[in-house]
Amino acid sequence: MKKIKQHLTQILVIGFGLLMACIVILLTSKEPFTAIKYFFIGPFSSRYFLGNMISYAIPLIITGLAACVSFSASVWNMGLEGQMYFGMLCGTYAAFQLPSMPAVMAVPLILVVAFVAGGSVAALSAFLQQKMRVDVIVSSLLISNAVFYLVNFILEGPFNDPTSGAGITSPRFNSKFMLPRILAPSELHAGLFFALLLVAVIHIMMKHRVLGYEIGITGKNPLFAQYGGMNAPKVAALAMLLSGGLAGLAGMTDILGTQGRMLAYMSGFGWDGISIALIARNNPVFTVFVAFFFALLQKGAENASLFSDISPDIAQLIQAAILFLVTGEALFSFSKRRKDLREAMR
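Residue numbers (the numbering used here): 351 to 696.
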């Protein structure tokens, strides 16, 4: 019954988001019905728009999974953006250094490099928490910002392609490493299947494997986990490392599928992944649906801005409203549980 209630809450949140989109458009647009039409129908109106929307959801699915893993252990990893950024840099550099290797061997190796790079940034926050009691929220956020400037320094200097004509970018790696396109002429690529495979792996790990059980117990009650013979600090550190690794995979999958090189900008996928995990209540499967919902909001807003008078920033406004609703509901539930616990202890 509790799970049914949670799923109903999640569905209501998404429904609220769609209603919020309509209200905002009605209040801000001079031609609201045209804007609403392109907002909701535009992303499905052609192969190009549909494919681009699904392509946009791919890194959102993976960063959502990254946040799900760490949040399930009550490790609040706020550095997904920087972990993703560093994973992209290292993965792109690895791809650039392997021009003659067969793609079937190189692509998995590139993804492993991106995973290790993202995980290493997250591991630094885990180390600071374990050894120096530095709060993960603070350390992951600060390290993420530092990584952003470090990566940009490298992209502007030793790993810059001055002939690109597209701003600050890395050189292009061999095109044979690019993931196959699925729905031409859109940007949808085979990374979709990789993202769904990761969803299945994380779901099985969290629900049917010892590590997932330990992550869940550590997140709910680390003291109980310790008394149960689990090494709670180690489990929390592993969750953090896995979260950072997944963030690195998210960025590199996007590069392999769309750009073929790294661009010097923060995509926001890391922050969106945090929002997605909160709305999905750390459920890996539901993460897929929330990621597609976020992609619909973003691409719907972009589409509507092309054919009507609304701003594409409307997507961020709606996402923020949904996040406030979700965190408010979670805070209310937490307060209610604490009140019930105090009454039970009297």
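No residue lacks a Cβ here, since even glycine has one placed at the ideal position from N, Cα and C.
So, for residue i: in the same chain, excluding its five sequence neighbours on each side, which residues have a beta-carbon less than 6 Å away from its beta-carbon?
i, result
"residue 476", "587 and 590"
"residue 526", "453"
"residue 490", "427, 428, 429 and 475"
"residue 538", "401, 404, 405 and 532"
"residue 671", "370"
"residue 542", "408"
Taking just the CA atoms, how far does residue j sit from residue i?
i, j, result
"residue 660", "residue 617", "22 Å"
"residue 609", "residue 579", "47 Å"
"residue 568", "residue 555", "15 Å"
"residue 445", "residue 467", "14 Å"
"residue 576", "residue 583", "9 Å"
"residue 637", "residue 399", "22 Å"
"residue 613", "residue 431", "14 Å"
"residue 631", "residue 547", "20 Å"
"residue 417", "residue 463", "20 Å"
"residue 465", "residue 551", "15 Å"
"residue 645", "residue 481", "39 Å"
"residue 502", "residue 666", "25 Å"
"residue 377", "residue 441", "44 Å"
"residue 492", "residue 434", "14 Å"
Measuring alpha carbon to alpha carbon, tell me which of the options ends up nearest residue i.
i, options, result
"residue 469", "599, 489 and 574", "599"
"residue 604", "358, 649 and 438", "438"
"residue 561", "540, 422 and 594", "422"
"residue 496", "640, 472, 607 and 359", "472"
"residue 557", "368, 397, 635 and 595", "635"
"residue 544", "572, 564 and 602", "602"
The alpha helix (DSSP H) that contains residue i, what's its start and end?
i, result
"residue 553", "541 to 558"
"residue 654", "634 to 657"
"residue 622", "619 to 630"
"residue 342", "Any question about residue 342 goes unanswered here, given that the chain covers just 351 to 696."
"residue 423", "Unbroken run through residue 423: none, as it is neither H nor E."
"residue 468", "453 to 482"
"residue 590", "582 to 604"
"residue 391", "No alpha helix (DSSP H) contains residue 391, which DSSP labels as neither H nor E."
"residue 493", "486 to 506"
"residue 662", "Careful: residue 662 lies outside any alpha helix (DSSP H) and carries neither H nor E."
"residue 572", "572 to 577"
Beta-carbon within less than 8 Å of residue i's beta-carbon, same chain only, minus the 5 sequence neighbours each way: which residues are those?
i, result
"residue 511", "519, 520, 521, 522 and 611"
"residue 375", "382, 385, 386, 389, 654, 660 and 664"
"residue 505", "439, 518, 519, 520, 612 and 614"
"residue 621", "430 and 431"
For residue i, I'd like the list of residues in its chain whose CB is within less than 7 Å of its CB, leaving aside the five on either flank, ordered along the chain.
i, result
"residue 652", "662"
"residue 478", "484 and 489"
"residue 414", "623, 626, 627, 630, 637, 640 and 641"
"residue 410", "619, 622, 623, 626, 641, 644 and 645"
Checking the sheet assignment: what are the DSSP bridge partners for residue i?
i, result
"residue 531", "539"
"residue 378", "DSSP output for residue 378 lists no bridge partner at all."
"residue 613", "519"
Closer than 7 Å to a non-hydrogen atom of the ligand HEM - does that hold for the CB of residue i?
i, result
"residue 447", "Questions concerning the ligand HEM fall outside what the structure shown contains, since it holds no ligand whatsoever."
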